[in-house]
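The structure under discussion appears below in the form of structure tokens.
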Amino acid sequence: MKNIIRYIYRFQFLLFLNFSPGQCYAQKVGLVLSGGGVRGFAHIGVLKALEENNIPVDCIAGTSAGALVGSNYAIGRTPREMEKIFTSSEFIDNASGVIHEDLAYYYLKREPDASWVTIKFAYDSIIKTKLPGSLTNSAPADFALLESNTAAIAKAGYDFDNLFVPFRCVASDIKEKKPFVFKEGDLGFAIRASVAFPLYFSPLTVDKKILFDGGIYDNFPIDVMKEEFAPDVIIAVNSAGEPELPSDDNILSQMKNILVAVEDSKMLSDTDVLIEPGINNISVFDFRKTQQAIDSGYAATMRMMDLIKSRIARRTNPEELKQKRDSFKNEQKEVLIDRIFVSGLSGQQAEYVKTIINPRNEIFGLSELRRNFFILSTDKHFRYIFPRLVYNYETGYYDLYMYMKRDKDLQVDFGGNFSSKPINDAFIGLQYGFLGKQALNVYTNLYFGKLYNSGYASMRLDMPGRFRFFAEPSYSLSQFDYFKSNSTFFEDVKPSFLVTTENDIRFSLGTPVLNKGKLIASASYINNKYEYYQTLDFTKADTADVTRFAAFSSALCYDRSTLNRKQYASSGSYFSICGRMITGREQSTAGTTSISRDTITDDARWMQVRLIYDNYFKRIGPVRIGFYGELFLSGQPFFANYTASILSSPQFVPVPESQTLFLPNFRAHNFAGAGLKSVFQIIGNLEFRLEGYIFQPVQEIIPRDDNTARYSEALLKRYFMGTTALVYSSPIGPISVSANYYDQREKPFSFLFHFGFILFNSSPLE
Numbered sequence: 001m002k003n004i005i006r007y008i009y010r011f012q013f014l015l016f017l018n019f020s021p022g023q024c025y026a027q028k029v030g031l032v033l034s035g036g037g038v039r040g041f042a043h044i045g046v047l048k049a050l051e052e053n054n055i056p057v058d059c060i061a062g063t064s065a066g067a068l069v070g071s072n073y074a075i076g077r078t079p080r081e082m083e084k085i086f087t088s089s090e091f092i093d094n095a096s097g098v099i100h101e102d103l104a105y106y107y108l109k110r111e112p113d114a115s116w117v118t119i120k121f122a123y124d125s126i127i128k129t130k131l132p133g134s135l136t137n138s139a140p141a142d143f144a145l146l147e148s149n150t151a152a153i154a155k156a157g158y159d160f161d162n163l164f165v166p167f168r169c170v171a172s173d174i175k176e177k178k179p180f181v182f183k184e185g186d187l188g189f190a191i192r193a194s195v196a197f198p199l200y201f202s203p204l205t206v207d208k209k210i211l212f213d214g215g216i217y218d219n220f221p222i223d224v225m226k227e228e229f230a231p232d233v234i235i236a237v238n239s240a241g242e243p244e245l246p247s248d249d250n251i252l253s254q255m256k257n258i259l260v261a262v263e264d265s266k267m268l269s270d271t272d273v274l275i276e277p278g279i280n281n282i283s284v285f286d287f288r289k290t291q292q293a294i295d296s297g298y299a300a301t302m303r304m305m306d307l308i309k310s311r312i313a314r315r316t317n318p319e320e321l322k323q324k325r326d327s328f329k330n331e332q333k334e335v336l337i338d339r340i341f342v343s344g345l346s347g348q349q350a351e352y353v354k355t356i357i358n359p360r361n362e363i364f365g366l367s368e369l370r371r372n373f374f375i376l377s378t379d380k381h382f383r384y385i386f387p388r389l390v391y392n393y394e395t396g397y398y399d400l401y402m403y404m405k406r407d408k409d410l411q412v413d414f415g416g417n418f419s420s421k422p423i424n425d426a427f428i429g430l431q432y433g434f435l436g437k438q439a440l441n442v443y444t445n446l447y448f449g450k451l452y453n454s455g456y457a458s459m460r461l462d463m464p465g466r467f468r469f470f471a472e473p474s475y476s477l478s479q480f481d482y483f484k485s486n487s488t489f490f491e492d493v494k495p496s497f498l499v500t501t502e503n504d505i506r507f508s509l510g511t512p513v514l515n516k517g518k519l520i521a522s523a524s525y526i527n528n529k530y531e532y533y534q535t536l537d538f539t540k541a542d543t544a545d546v547t548r549f550a551a552f553s554s555a556l557c558y559d560r561s562t563l564n565r566k567q568y569a570s571s572g573s574y575f576s577i578c579g580r581m582i583t584g585r586e587q588s589t590a591g592t593t594s595i596s597r598d599t600i601t602d603d604a605r606w607m608q609v610r611l612i613y614d615n616y617f618k619r620i621g622p623v624r625i626g627f628y629g630e631l632f633l634s635g636q637p638f639f640a641n642y643t644a645s646i647l648s649s650p651q652f653v654p655v656p657e658s659q660t661l662f663l664p665n666f667r668a669h670n671f672a673g674a675g676l677k678s679v680f681q682i683i684g685n686l687e688f689r690l691e692g693y694i695f696q697p698v699q700e701i702i703p704r705d706d707n708t709a710r711y712s713e714a715l716l717k718r719y720f721m722g723t724t725a726l727v728y729s730s731p732i733g734p735i736s737v738s739a740n741y742y743d744q745r746e747k748p749f750s751f752l753f754h755f756g757f758i759l760f761n762s763s764p765l766e
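By the count of this note's numbering, the sequence shown reaches residue 766 at its end, each step adding exactly one.
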């Protein structure tokens, strides 16, 4: 009887322990993590404080940033590992849509042009033209989520309850206007849907549901935690803070105030804990303040630690936690891929994609997928690419599913340059793309202006495969009129009449060299015309001298580029080396002001090599130093007279304005040029640039008394060029105010304001 009474007392005592708040050794602890953008990284600090104090976390429910942080903990990452990941420059680039320069695929890029904006049309309906679905390229974030979650969720059997910590992820179903809770399936897909803030990232679709950021309908998923896990104690972290005041020039802040649901902490009971980090001074999309958010979460949790410990008596064993975490990670299978499935494209288009992703048609891993995925993400034929990897338990390998959307067939580019000098031009480009097993792009552009008029047309056929290459016939016609474009608003000084007209019919073959480079072999027919007076004393009744040069040219060029902008770059590097053979005939016909009245015809043949190196080194505080170097060597002969010889010679023009000027001092057959650039970041994309260059001709081209050309003594003179500029790189093009200097010119100083790009189609001889 005494034993029975003893057992009854023990049973009552156990019941008391089981239901007494703060004294429950079998307590189930749930962690609820709200959305909040960058503010949401305070959750990492919370987890860091909880682990340091051995507070258990048995299940997690998260929305948006809370889903991102919660999922990382759920797959076994420690808070310190997460802190290192989310404060890295790689993560900031991924979240901002920036493709790291090691993955940028230069081979598919066209030569830089003056375009500002691109509008895309479907061939069958211009009326149905759509705005882009997002402001940010999601490809870096999409792949990062695939890379970090694939093996973990496969190990869990695609059941979120089998993760290192059971997990729920909340997105928003905008068709049904309610939260959508992920509890199984692809973890990376679930997180990506949960963070798809409208306009920032494009939405995802599943079972005909359109999924956006979970914060729209449930930014603080306490209800999800209770319904899914029924914990004894909830630690709820509200990192949303007070709403940012919307500004009239920030559409993302406007969207957040319109769409994101207000957090409701009333669902918490008296035994739960609410943590509210002090993050109101952190902007939702300011990824530079991630560490500040983490520290705020840590500090807020430590302030609440006595309360947390009083309500949660159970403690974790650090060694056991580490063993459990290591076991979960070590049991994950290596990601090896053998099959590819493509949806959203036709059969032939799917074959094009498969050939790019797996050109060798063999089993491949994540490193090969990463490289080839980013090759595909830079292909303008596709508007959207989303990858998923699913483990195939029968084959023992992963299957890759590519969900893709074809981009519009017709692309129209608009741009140009407006400035304080009459060098203004308008630009329009048209591109039409055909996609089957190969890709065909038909492209043309036009420049209109006083200084420069040009037309260009090409047809490029891209052949994917183990050896990838393109074939491209092209034609360009360009004219520089230095006479009409030389006067400014402040002066009216004109040079001699100088007009160059260049025709280039070319056929090119190119192939990529790793990700950053390309090798191009070309053959072309060149027909150039130079019109000029050899004196300033001419009238409208006079006729100009005319030099024509018709030639065949063959070239082999290697280019490599990671520059971040097509003009006024501030990071990355560019390297180019090009060898060219030219064989042609010059014919010079004298005008009425020429000393000689003869028509001179002569054959010309030479080889030339041009090397360019442009590099921006690591930033030191707000300053980045750059170096530019150029070397040109050739056996080019003189033409019939000095003016024709100078006009046909290569030029050193590293300053944007210098490309619009006729600068005889900076032209030579053989030269070296170099300079230093200092770029001071004032705020955002507003920069102050200070650049200085030296130009050293091996021998200057100088006139004789009869106006024929000759060389000076070797290394006799050198010339200097410099610029100071205030540049704002707007989303459509640069806005610049600059003061420029050109050594030993009649008026060496110049002032230029311009909006847009000072860029032109390439010259056939250079």
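Glycine is no exception: its CB is placed at the ideal position from the N, C-alpha and C atoms. The structure displayed is predicted, hence computed values, not measured ones.
Look at the alpha carbon of residue i and the alpha carbon of residue j, and state the distance between them as a whole number of angstroms.
{"i": "residue 502", "j": "residue 84", "result": "55 Å"}
{"i": "residue 757", "j": "residue 374", "result": "27 Å"}
{"i": "residue 54", "j": "residue 235", "result": "14 Å"}
{"i": "residue 251", "j": "residue 279", "result": "Interpretation of residue 251 is limited by its pLDDT of 45, a score under 50 that renders its predicted location unreliable; no figure is taken from the coordinates."}
{"i": "residue 346", "j": "residue 392", "result": "25 Å"}
{"i": "residue 625", "j": "residue 723", "result": "15 Å"}
{"i": "residue 449", "j": "residue 511", "result": "34 Å"}
{"i": "residue 645", "j": "residue 702", "result": "10 Å"}
{"i": "residue 634", "j": "residue 607", "result": "6 Å"}
{"i": "residue 478", "j": "residue 761", "result": "8 Å"}
{"i": "residue 232", "j": "residue 116", "result": "58 Å"}
{"i": "residue 709", "j": "residue 640", "result": "8 Å"}
{"i": "residue 209", "j": "residue 330", "result": "35 Å"}
{"i": "residue 384", "j": "residue 371", "result": "17 Å"}
{"i": "residue 101", "j": "residue 562", "result": "6 Å"}
{"i": "residue 472", "j": "residue 89", "result": "38 Å"}
{"i": "residue 259", "j": "residue 45", "result": "Caution is warranted here: a pLDDT of 49 is assigned to residue 259, below 50, making its placement in the model unreliable, and the coordinate value is therefore given only provisionally. Cα to Cα, the separation comes out at about 27 Å."}
{"i": "residue 201", "j": "residue 744", "result": "53 Å"}
{"i": "residue 726", "j": "residue 677", "result": "13 Å"}
{"i": "residue 412", "j": "residue 447", "result": "14 Å"}
{"i": "residue 460", "j": "residue 431", "result": "11 Å"}
{"i": "residue 173", "j": "residue 197", "result": "13 Å"}
Considering only DSSP beta bridges, list what residue i is partnered with.
{"i": "residue 548", "result": "529, 587"}
{"i": "residue 506", "result": "474, 524"}
{"i": "residue 426", "result": "416, 448"}
{"i": "residue 721", "result": "693, 742"}
{"i": "residue 432", "result": "410, 442"}
{"i": "residue 110", "result": "Residue 110 is not bridged to any residue."}
{"i": "residue 630", "result": "612, 673"}
{"i": "residue 702", "result": "710"}
{"i": "residue 43", "result": "Bridge partners of residue 43: none, in fact."}
{"i": "residue 681", "result": "687"}
{"i": "residue 336", "result": "365"}
{"i": "residue 456", "result": "445, 476"}
List the whole-angstrom C-beta distance separating residue i from residue j, where the pair is believed to meet the contact cut-off of C-beta under 8 Å.
{"i": "residue 65", "j": "residue 239", "result": "7 Å"}
{"i": "residue 63", "j": "residue 148", "result": "That belief does not hold up - the Cβ atoms of residue 63 and residue 148 are roughly 19 Å apart, past 8 Å."}
{"i": "residue 179", "j": "residue 214", "result": "7 Å"}
{"i": "residue 189", "j": "residue 388", "result": "6 Å"}
{"i": "residue 768", "j": "residue 113", "result": "A query on residue 768 cannot be resolved here, the shown segment of the chain reaching from 1 to 766 and no further."}
{"i": "residue 612", "j": "residue 648", "result": "Rounded, the Cβ-Cβ distance is 20 Å, inconsistent with contact."}
{"i": "residue 103", "j": "residue 515", "result": "6 Å"}
Mind checking whether the beta-carbon of residue i lies closer than 7 Å to any heavy atom of the ligand NAP?
{"i": "residue 313", "result": "What this structure holds is no ligand at all, so the ligand NAP is not there to describe."}
Fill in: Cβ contact check for the stretch 587–604 and the stretch 568–575: 3 or more pairs under 8 Å
no
Worksheet item: Is the stretch 136–151 in contact with the stretch 46–61, if contact means three or more CB pairs nearer than 8 Å?
Response: no
Discussion item. For the structure I just gave you, are there three or more beta carbon pairs, one from the stretch 419–426 and one from the stretch 333–340, closer than 8 Å?
Written reply: no
Worksheet entry | the stretch 735–745 contacting the stretch 402–413, beta-carbon criterion three pairs below 8 Å | no
Practice prompt. Could I get the ranges of all uninterrupted beta strand (DSSP E) runs contained in the stretch 176–217, with 3 residues as the minimum, in chain order?
Written response: 178–182, 204–206, 209–212
Worksheet entry | Segment contact, 8 Å Cβ cut-off, at least three pairs: the stretch 285–305 with the stretch 349–365 | no
Worksheet item: Are three or more beta carbon pairs between the stretch 287–296 and the stretch 305–315 nearer than 8 Å?
Response: no
Worksheet entry | Meets three-Cβ-pair contact criterion under 8 Å: the stretch 543–563 and the stretch 579–589 | yes
Worksheet item: Where are the beta strand (DSSP E) runs, 3 residues long or more, that stay fully inside the stretch 287–313, in chain order?
Response: none
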